[in-house]
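Before any comments, here is the structure.
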Amino acid sequence: MKPRFLTENIVYESNLPESSKYLRWIGTLTLSNGKFEKVTVSNIKDYSKSSLRSLWKEYLDLILTLPDHSNLVTTLGYYTNNGYTYSVHEYASTGTLKSHLSSEYGNLSNTKSSIVQGAFLRFSNDIINGMEYLASKGCSHPGLQCKKVLLNVFQVSKLYDFCPSTAAVKVIEFYTEKREVKSVTTFAPENIFLGEHSPASDIWSLGLTLWEIYSGGECLPYLQVVLC
1 MKPRFLTENI VYESNLPESS KYLRWIGTLT LSNGKFEKVT VSNIKDYSKS
51 SLRSLWKEYL DLILTLPDHS NLVTTLGYYT NNGYTYSVHE YASTGTLKSH
101 LSSEYGNLSN TKSSIVQGAF LRFSNDIING MEYLASKGCS HPGLQCKKVL
151 LNVFQVSKLY DFCPSTAAVK VIEFYTEKRE VKSVTTFAPE NIFLGEHSPA
201 SDIWSLGLTL WEIYSGGECL PYLQVVLC
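To convert, note that position 109 of the sequence shown is 109 in UniProt numbering; the numbers rise steadily by one, no gaps.
As structure tokens, this is what we get:
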């Protein structure tokens with residue numbers, strides 16, 4: 001179980017972009033040895049929604065007990081404030097893989113150079129390793145895509161926003177109810193049309209993520225799909 005931090009040991013610095021599920025901040029954590037560490041703090045966006053509260057509880061139960069892996073965002077611990085529980089994670093200074101690909105490779109005419117292909121291979125291998133680990137721990141990553149992968153200062157890819165496999169269908173329902181086309185189009189067809197999820201569904205999303213990497217972050221198939 002990851003440790004519980006004192007609220008006063010977390011100092012707010014700035015907001016990170018919101019998602020449909022989460023609010024995220026950059027902060028500074030004071031460690032027990034008196035040193036400081038830059039961290040990311042997360043909480044759900046709307047506590048009034050019982051479905052979102054349920055997903056958040058399942059997510060917390062998972063990340064606070066899941067052993068660390070080099071290709072998952074490291075959960076450092078948690079703290080509570082006014083009855084709400086916040087998760088505390090390592091800070092990934094490079095941002096999302098999506099933004100990195102767009103800024104560094106999106107305008108390159110020669111994406112087949114050995115240097116670029118080597119970078120793409122490293123990103124792909126990291127993500128595959130992370131997905132294999134999640135599967136071995138009974139976890140899923142519905143709708144995996146490059147914006148749900150963070151890069152640390154060493155450009156190691158780290159997955160976040162995964163879930164227990166038992167909660168995968170509820171995650172899918174959340175996004176389809178929100179009608180978030182860019183998220184939904186990375187789901188497998190059975191996710192959208194049958195409300196089902198399996199390890200094969202994660203492989204579908206993984207394939208689309210690799211497609212996105214090798215297009216330099218500029219292309220995802222099926223972006224014109226609109227839910228009826």
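Think of the CB as a built atom: it goes at the ideal place given N, C-alpha and C, for glycine as much as any other residue.
What you are looking at is a predicted structure, and each value in this text was computed from that prediction instead of being measured.
- Cβ-Cβ distances below 8 Å link S157 to N71, L97, R122, F123, D126, I127, G130, V149, L150, L151 in the same chain, with the five nearest sequence neighbours on each side left out; the list follows chain order.
- Here G27 is buried, its C-beta having at least 16 other C-beta atoms within 10 Å.
- Per DSSP, F36 is one residue of the beta strand (DSSP E) stretching across 36-44.
- When Cβ pairs closer than 8 Å are counted between the two stretches, the segment 50-62 is seen to touch the segment 155-174, the count reaching three or more.
- Cβ contact annotation for N81 (same chain, cutoff 8 Å, sequence separation greater than five): T7, in chain order.
- If the five residues before and after V39 are omitted, its C-beta is found closer than 6 Å to the C-beta atoms of G27, L29, V88, Y91, all from its own chain and listed in chain order.
- For S14, the uninterrupted beta strand (DSSP E) segment begins and ends at 10-15.
- For the segment 50-134, the full-length alpha helix (DSSP H) segments reaching 4 residues or more read 50-63, 97-104 along the chain.
- Membership of G207 in any beta strand (DSSP E) is not indicated; the residue belongs instead to the alpha helix (DSSP H) covering 199-214.
- Only exposed fits P189, as fewer than 16 other CB atoms lie within 10 angstroms of its CB.
- Exposed is the label assigned to V11, since fewer than 16 other Cβ atoms lie within 10 Å of its Cβ.
- One alpha carbon belongs to P199, the other to A119, and they sit about 27 Å apart.
- About 6 Å separates the beta carbon of T75 from that of L64, a gap short enough to meet the 8 Å contact definition.
- Comparing C-alpha distances from E177 to each of G106, F162, F193 shows the shortest one belongs to F193.
- The Cβ neighbour count for S140, taken over all protein chains shown within 10 Å, is at least 16; the residue is labelled buried.
- DSSP places S157 within a strand segment (E or B) once states are collapsed to three.
- Counting only the Cα atoms, F36 lies some 36 Å from L206.
- Spatial neighbours of N15 in its own chain (CB-CB distance under 7 Å, excluding positions within 5 residues in sequence) are listed in chain order as W25.
- Of the residues N9, G216, P3, the one whose Cα lies closest to the Cα of S113 is G216.
- When I115, Y175, S42, F154 are compared, the shortest CA-CA separation from G143 is found for Y175.
- When only Cα atoms are considered, I172 and V116 end up about 33 Å apart.
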